[in-house]
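Input: a single structure, listed below in structure tokens.
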Amino acid sequence: MQNLDTERYARQLPLWGEAGQERLARAAVLVAGVGGLGATLSQILVRAGVGQLYLVDQGTVALSDLQRQSLYAECDLGRVKVEVARERLLAIDSSVTIEIDPGWIEDGFQAPGGIVAAVDCLDNFASRFALYRALPARCYFLHGGVEGGQGQLLTLLTGSSQPFEEICAGCRQPVGAIPVAPESVFVLAGLMAGELFRCLAGNPRLLDRFLVVDLAALTLSFLDV
Numbered sequence: 000m001q002n003l004d005t006e007r008y009a010r011q012l013p014l015w016g017e018a019g020q021e022r023l024a025r026a027a028v029l030v031a032g033v034g035g036l037g038a039t040l041s042q043i044l045v046r047a048g049v050g051q052l053y054l055v056d057q058g059t060v061a062l063s064d065l066q067r068q069s070l071y072a073e074c075d076l077g078r079v080k081v082e083v084a085r086e087r088l089l090a091i092d093s094s095v096t097i098e099i100d101p102g103w104i105e106d107g108f109q110a111p112g113g114i115v116a117a118v119d120c121l122d123n124f125a126s127r128f129a130l131y132r133a134l135p136a137r138c139y140f141l142h143g144g145v146e147g148g149q150g151q152l153l154t155l156l157t158g159s160s161q162p163f164e165e166i167c168a169g170c171r172q173p174v175g176a177i178p179v180a181p182e183s184v185f186v187l188a189g190l191m192a193g194e195l196f197r198c199l200a201g202n203p204r205l206l207d208r209f210l211v212v213d214l215a216a217l218t219l220s221f222l223d224v
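Using numbering that gives the first Met the number 0, you'd call the opening residue of the sequence shown number 0 and step up by one each time.
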């Protein structure tokens, strides 16, 4: 590794070594949704040294986003989220390759080639199911969701795990805007990043099981699927 990289990652190299850091640099990850979870998660990935990100989100920055979506500010109101996200992430590390798609994830969506993981930071089941169906075999799928002061995280491996649509059969989309406590977004995004790093190393801890976080009660619970 170059000296500059060694300096940048000096605090994490003792945790996973140069081989682990190089593995992150080679990884290509799709972040679906750059709202609350995706905005924070993508920052963690860039700061950690993930080499290539694909960002997909059809939204524009609204005033109500600023309460929890950490990439955006008042000066960004009305701008396309993925464009702002790319600017801010490249300001953190200009060596990262970031490709953006300002469109919907729906039936017919094509996942970028070469990705090893896709992170579901979406806010509706239809797009989540379409994303999962679009992924290549042996690709990690990390689902995250937040409502109020609670969150959940699940890891699946396409071609091996039960399809996400079957796991969530019968689930109903909440009506209207979903209430979200700002701290919940940051906690769950951190947990998702940690699980993604373990996936890239080949040792996920949440494969085929939910982690449910309740910040009000300060509890963690697990549910196998």
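For each residue, glycine too, the CB sits at the ideal point set by N, CA and C.
For residue i: DSSP bridge partner residues
i    : result
S220 : V211
V83  : Partner(s): none; V83 has no beta bridge.
E194 : DSSP output for E194 lists no bridge partner at all.
V179 : G147
V30  : L54, V118
L206 : T154
Pairwise C-alpha distance: residue j and residue i
i    : j    : result
Q66  : F163 : 30 Å
D226 : G112 : Since the first residue of the chain shown is 0 and the last is 224, residue 226 is not available in this structure.
L134 : F140 : 8 Å
T59  : E82  : 9 Å
E17  : Y8   : 9 Å
Q20  : A216 : 36 Å
D64  : L29  : 21 Å
A110 : L130 : 8 Å
S94  : G48  : 9 Å
F128 : C167 : 9 Å
R132 : A31  : 13 Å
G77  : A61  : 6 Å
L3   : R46  : Below a pLDDT of 50, predicted positions are generally treated as unreliable, and L3, at 47, falls in that range; the measurement from the model is reported next regardless. Approximately 14 Å between the Cα atoms of the pair.
I43  : S159 : 28 Å
G201 : K80  : 31 Å
A24  : D92  : 12 Å
Q151 : A27  : 24 Å
A188 : A125 : 21 Å
The beta strand (DSSP E) enclosing residue i, as first and last residue numbers
i    : result
G143 : 139-146
V118 : 116-119
Q149 : 149-156
E98  : 96-100
Where the alpha helix (DSSP H) through residue i begins and ends
i    : result
L52  : That residue, L52, is in no alpha helix (DSSP H); its beta strand (DSSP E) goes 51-55.
T5   : 2-7
L23  : 12-25
E165 : 163-166
L44  : 35-47
Y131 : 124-133
Integer Cβ distance of residue i from residue j, believed to fall under 8 Å
i    : j    : result
V186 : V212 : 7 Å
G102 : Q57  : 6 Å
T154 : A136 : Not confirmed; about 16 Å, so no contact.
L210 : F196 : At roughly 15 Å, the Cβ-Cβ gap does not stay under 8 Å, so L210 and F196 are not in contact.
A84  : A38  : 7 Å
Any non-hydrogen atom of the ligand ATP within 7 Å of residue i CB
i    : result
L152 : The model on display carries no ligand, and the ligand ATP is accordingly not part of it.
| Inter-stretch contact at 8 Å, needing at least 3 Cβ pairs: the segment 144-155 / the segment 175-187 | Judged by Cβ distances under 8 Å, the segment 144-155 makes contact with the segment 175-187, as three or more pairs qualify.
| query | Is it true that the segment 108-128 meets the segment 8-23, where meeting means three or more beta-carbon pairs spaced less than 8 Å apart? | reply | No: fewer than three Cβ pairs fall under 8 Å.
| field | Cβ pair count under 8 Å reaching 3, the segment 85-92 against the segment 39-57 | value | Yes, the segment 85-92 touches the segment 39-57.
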